[in-house]
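Comments concern the structure below.
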């Protein structure tokens, strides 16, 4: 199921599907062999006023030799969170857009036994650019802080050579 022709499986989750919490949506690609779902697993998203929360559920494959969530898994979640935020609380089409910059500060270790949330807000949105900032958290524990810039792109015409 996709939203407005997007390649996302974006649909509301019942409270039972979302561990008793309300307001969550699936945020997975329809093609589950692509990076988002293939690498990070099932993701869910919800808008929280001016912020967007994207949640992943760490598995052993997301850990490093210190038995913490690997920084690369955290960076992947953050990058996807920029686009989820654009879709959920911004005005852009998250599908064809690209990350221009991502700055991340690792301030704590991620516990693989707890969900990891990227909580993102839009600092400014222009016609072509989206400036964002946020934190990856586990409850009250901050794992990273970050800022990013996304370039909003128009979908490519179908069937025409580049």
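Numbering (full-length UniProt numbering), first residue to last: 1 to 162.
All C-beta atoms, glycine included, are put in the ideal place defined by N, C-alpha and C.
- Counting C-beta pairs with one atom in each stretch, the stretch 145-152 and the stretch 112-130 have three or more that are closer than 8 Å, which means they touch.
- DSSP places residue 127 outside any beta strand (DSSP E), giving it a letter other than H or E.
- Exclusion of the five residues before and after residue 89 leaves 47 and 52 as the residues of its chain whose Cβ lies within less than 6 Å of its Cβ.
- A direct Cα-to-Cα measurement between residue 45 and residue 25 gives close to 5 Å.
- The three-state reading of DSSP puts residue 89 in coil, since its state is none of H, G, I, E or B.
- Put simply, the backbone Cα of residue 117 is about 26 Å away from that of residue 153.
- Minimum Cα-Cα distance from residue 129 among the listed residues 113, 91 and 73 corresponds to 91.
- The Cβ atoms of residue 54 and residue 76 lie no closer than 8 Å to each other.
- It is roughly 15 Å from the alpha-carbon of residue 81 to the alpha-carbon of residue 138.
- Taking all protein chains shown into account, residue 12 has fewer than 16 neighbouring C-beta atoms within 10 Å of its C-beta and is therefore exposed.
- Residue 66 sits exposed, since fewer than 16 C-beta atoms from the chains shown fall within 10 Å of its C-beta.
- Nearest Cα to residue 102 within the set 96, 43 and 151: 151.
- Taking residue 68 as reference, the option from 112, 20 and 23 with the minimal CA-CA separation is 112.
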